[in-house]
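Structure record follows, encoded as structure tokens.
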Ligand code: SF4
Ligand code: SF4
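Chains as they are written, first to last, in the UniProt record's numbering: chain A, 1 to 138; chain B, 1 to 384.
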């Protein structure tokens, strides 16, 4: 079995009745995975959506995903990435105030720093940048 | 007075001039005090770069054979105002393309400056001296006769910061304002801003030579909505929007780095302009003003959820706090965003300093001072 460590960003979608299922508990306890919840939208009447970053041994991660799927949870991998075009950017910092995950900050030179690892792909910055400097890429 | 503009220009010619940027002057005064700094420094350079909606260009296209009186004019599907003689038009920065709402006059200006070919469509009624009725062609900035940028209102002397107390997200010219005081956006470049460094317009007046979009331009007049009688605080600074400048310059000589189209979601198109103004240190009082930092300069945060011309003020705030990334509102830390680029403001002040040191820029004496007694009148809508 492979012991290679992998990291994946996943979006889980599930029906309301599954909202009670302790998903992260099982992923951690049964499959030895590091789970980081990036975004969660779970309302009792609607479909729940959970954005996770999962890290662990390749084989265990695959079995964890099968466990989710066997519980009727749809698993989509999130391989999209946000691209920041420095040539278009003017370093105003308008995007900084709307980025709830603090993936965008102004550095000591007043220039925009994009910390990719912190981005949860909410897309707000794409919409509000007056220079259209952000693109979502597949 | 410790030195005149004439003396400073002489020093420029003799390579003896001492020029500091606003930040360098601030640091020097912290170290040496106002008196000593004033005796050493001749000029302090300022800069600002941000959305300045009230901007546009006069264009003269030249005559066709046979001639056409251009009454309707469109550039890349953006309407310009054509009733300025036969082949002149004014393209406003905020005019929007009929085909793409995210593209407008400001983007046409940026494209012209980038050397791109622009589609020109024009039509007229046809007269004896202008028999042609329409045309559809491509132009470049090099080809046309004049491209005079004339911006009726730039360089706002302070501007109010914006927040939103309501439950819904608002899209404004101050950017997206998140519900329930989710963020605060501000527009001024704080201690870099020209009119915050000469708040009483002692050296900036009509005819003042400036750095305008990468070229040399001039203050043409006081800007529209010039609200110069606004009360001043203990630092001589107006808290909130006050004076403005009308600026003029040659688009052909500008640099696209400092002239950029912008699109604010839900609001529309605007032009981001870069302006720099050198301020001569004529006396110690001037140096004192020039030494003020972000902690000394304040504005108000207003609530944009109230759709009225007199929006409620949430609180007063210093640019130091705004710049820290968070401001406190009702005990909560609220993230801040800026519509202006402080990085480019600093760059402009530095480039302007360099231009002066290299004798490519001399200071000018204002021809007339800016009015200091202006108020901004509202427009009352009355039925007859
Ligand atoms: S809002 Fe756009 S232009 Fe401004 S700093 Fe962010 S990415 Fe750059
Ligand atoms: S998409 Fe933009 S606003 Fe959202 S987390 Fe990523 S960087 Fe921040």
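Don't be surprised by glycine CBs; every beta carbon is placed ideally from N, CA and C.
Excluding five sequence neighbours on each side, which residues of the same chain lie with their C-beta closer than 8 Å to the C-beta of residue i?
| i | result |
| --- | --- |
| residue 7 of chain A | 53, 54, 55 |
| residue 205 of chain B | 219, 366, 367, 368, 369, 370 |
| residue 69 of chain A | 75 |
Closest Cβ-Cβ distance between residue i and chain A: below 8 Å?
| i | result |
| --- | --- |
| residue 335 of chain B | yes |
| residue 276 of chain B | no |
| residue 264 of chain B | yes |
| residue 49 of chain B | yes |
| residue 176 of chain B | yes |
| residue 344 of chain B | yes |
| residue 355 of chain B | no |
| residue 383 of chain B | no |
| residue 52 of chain B | no |
| residue 339 of chain B | yes |
| residue 332 of chain B | no |
| residue 1 of chain B | no |
| residue 34 of chain B | no |
| residue 272 of chain B | yes |
| residue 184 of chain B | yes |
| residue 315 of chain B | no |
| residue 260 of chain B | yes |
Taking 7 Å as the cut-off, is the beta-carbon of residue i closer than that to any non-hydrogen atom of ligand 4?
| i | result |
| --- | --- |
| residue 131 of chain A | This structure lacks ligand 4; its bound ligands are ligand 1 and ligand 2. |
Looking only at its own chain, which residues have a Cβ that is under 6 Å from the Cβ of residue i, when we skip the five neighbours before and after it?
| i | result |
| --- | --- |
| residue 136 of chain B | 121 |
| residue 56 of chain B | 90, 91, 92, 93 |
| residue 262 of chain B | 51, 270, 272 |
| residue 27 of chain A | 33, 35, 64 |
| residue 60 of chain A | 31, 32 |
| residue 319 of chain B | 190, 294, 297 |
| residue 283 of chain B | 1, 2 |
If you measure from the beta carbon of residue i to each beta carbon in chain B, is any gap under 8 Å?
| i | result |
| --- | --- |
| residue 108 of chain A | no |
| residue 82 of chain A | no |
| residue 113 of chain A | no |
| residue 130 of chain A | yes |
| residue 91 of chain A | yes |
| residue 21 of chain A | no |
| residue 94 of chain A | yes |
| residue 123 of chain A | no |
| residue 127 of chain A | yes |
| residue 98 of chain A | yes |
Give me the DSSP bridge partner(s) of residue i.
| i | result |
| --- | --- |
| residue 136 of chain B | B:121 |
| residue 59 of chain B | B:89, B:147 |
| residue 186 of chain B | B:338 |
| residue 261 of chain B | B:271 |
| residue 72 of chain B | B:81, B:123 |
| residue 76 of chain A | A:11 |
| residue 100 of chain A | Answer is none; residue 100 of chain A lacks a bridge partner. |
| residue 170 of chain B | B:177 |
| residue 162 of chain B | B:185, B:302 |
| residue 384 of chain B | Looking at the DSSP assignment, residue 384 of chain B forms no beta bridge with any residue, so it has no partner. |
| residue 112 of chain A | A:106 |
| residue 210 of chain B | B:217 |
Cutting at 7 Å between CB atoms, please list the residues of its own chain near residue i, excluding the five before and the five after it.
| i | result |
| --- | --- |
| residue 265 of chain B | 171, 176 |
| residue 48 of chain B | 155, 189, 192, 193, 194, 275, 340, 345 |
| residue 168 of chain B | 179 |
| residue 110 of chain B | 256, 259, 260, 261 |
| residue 375 of chain B | 227, 229 |
| residue 289 of chain B | 197, 198, 199, 236 |
| residue 130 of chain B | 67, 68, 69, 86, 124 |
Start and end of the beta strand (DSSP E) containing residue i?
| i | result |
| --- | --- |
| residue 31 of chain A | Residue 31 of chain A -> not in any beta strand (DSSP E); alpha helix (DSSP H) instead, spanning 23 to 31. |
| residue 318 of chain B | 313 to 318 |
| residue 254 of chain B | Here residue 254 of chain B belongs to no beta strand (DSSP E), and DSSP marks it neither H nor E. |
| residue 104 of chain A | 104 to 106 |
| residue 175 of chain B | 175 to 177 |
| residue 50 of chain B | 48 to 51 |
| residue 81 of chain A | 81 to 84 |
| residue 102 of chain B | Neither: residue 102 of chain B is in no beta strand (DSSP E) and is coded neither H nor E. |
| residue 217 of chain B | 215 to 222 |
| residue 53 of chain A | 48 to 57 |
| residue 137 of chain A | 134 to 137 |
Would you mind reading off the limits of the alpha helix (DSSP H) that contains residue i?
| i | result |
| --- | --- |
| residue 347 of chain B | 342 to 357 |
| residue 31 of chain B | 22 to 32 |
| residue 194 of chain B | 194 to 197 |
| residue 127 of chain A | 124 to 128 |
Nearest CA to the CA of residue i: which residue from the options?
| i | options | result |
| --- | --- | --- |
| residue 287 of chain B | B:380, B:43, B:328 | B:43 |
| residue 11 of chain A | A:87, A:114, A:48 | A:48 |
| residue 16 of chain A | A:33, A:73, A:36, A:35 | A:73 |
| residue 342 of chain B | B:108, B:164, B:46 | B:46 |
| residue 90 of chain A | A:131, A:83, A:13, A:100 | A:131 |
| residue 115 of chain A | A:99, A:127, A:21 | A:99 |
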